[in-house]
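So the sequence shown is numbered by numbering that gives the first Met the number 0: it starts at 0 and just counts up by one. Backbone N, C-alpha and C fix where the C-beta goes; we use that ideal spot for every residue, glycine too.
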Amino acid sequence: MNYANIKWYDIANGPGVRVSLFVSGCRNHCKNCFNPETWDFGYGEPFTKEVQDKIIKELEPAYISGLSLLGGEPFEPENQLPLANFLERVKAAYPDKTIWSYTGYDFEADLLAGKKGDKDTVMRMLNCIDVLVDGRFVEELKNPALQFRGSSNQRVILVRPTLEKNEIVLWNKDDPTAVN
0 MNYANIKWYD IANGPGVRVS LFVSGCRNHC KNCFNPETWD FGYGEPFTKE VQDKIIKELE
60 PAYISGLSLL GGEPFEPENQ LPLANFLERV KAAYPDKTIW SYTGYDFEAD LLAGKKGDKD
120 TVMRMLNCID VLVDGRFVEE LKNPALQFRG SSNQRVILVR PTLEKNEIVL WNKDDPTAVN
């Protein structure tokens, strides 16, 4: 797996100051994607153990709220196993920091239904992710006023409560119990 970029102090892709990993490879090819160079699976640099170790170290300060995964597409089958292993390492090192992930795929129809890659690996990823922003970016539904998403069809999903209740539970920034 390759990655396109790492933002060490990101405030745009989840609440607080976050480390954001932009992975390479995406088959969604959304119209007016903000990162079309990441569609290429060969773009960027290899996601080595040394890179992973550096990210884990950079997550250590108390002012870092957590990790955000973007792309490209984290849930492309080629990216799943390396990310599942990495996310488990992050959760073990920092159980109180949140992991947010963005995907152009649909939570129920694609990820839970096992239509994208290995279902067990997808579940390993989802079990580490606190908040998932799902759905393709749709230019016609673009709304700059939306928080942490680009178009109104995308949802900001609390993963653990959704899996427990077997129904979509949306993140709400005004809810004091929401995952931040």
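- Per DSSP, isoleucine 54 lies in no beta strand (DSSP E); the unbroken alpha helix (DSSP H) holding it starts and ends at 48–57.
- The criterion of a C-beta distance shorter than 8 Å is satisfied by proline 81 and phenylalanine 46.
- With 16 or more other Cβ atoms from the protein chains shown falling within 10 Å of its own Cβ, asparagine 78 counts as buried.
- By the criterion of a C-beta distance shorter than 7 Å, threonine 161 is surrounded in its chain by Ile167, Val168, once the five residues flanking it on both sides are discounted.
- Contact check for isoleucine 98 against leucine 86 passes: the beta carbons are separated by less than 8 Å.
- By the Cβ rule, the region 57–71 counts as touching the region 89–109, because three or more pairs are nearer than 8 Å.
- With respect to the 8 Å criterion, arginine 159 and aspartate 133 are not classified as neighbours on the basis of their beta carbons.
- Here asparagine 152 really is in contact with valine 137; their C-beta atoms are around 5 Å apart, less than 8 Å.
- Around the beta carbon of leucine 145, a 10 Å sphere encloses fewer than 16 other beta carbons of the protein chains shown; the residue is thus reported as exposed.
- Pairing lysine 53 with isoleucine 5, the inter-Cα distance amounts to about 11 Å.
- Between threonine 120 and alanine 83, the gap from beta carbon to beta carbon is short of 8 Å.
- The C-beta separation of glycine 41 from alanine 3 comes to about 11 Å, leaving the pair out of contact by the 8 Å criterion.
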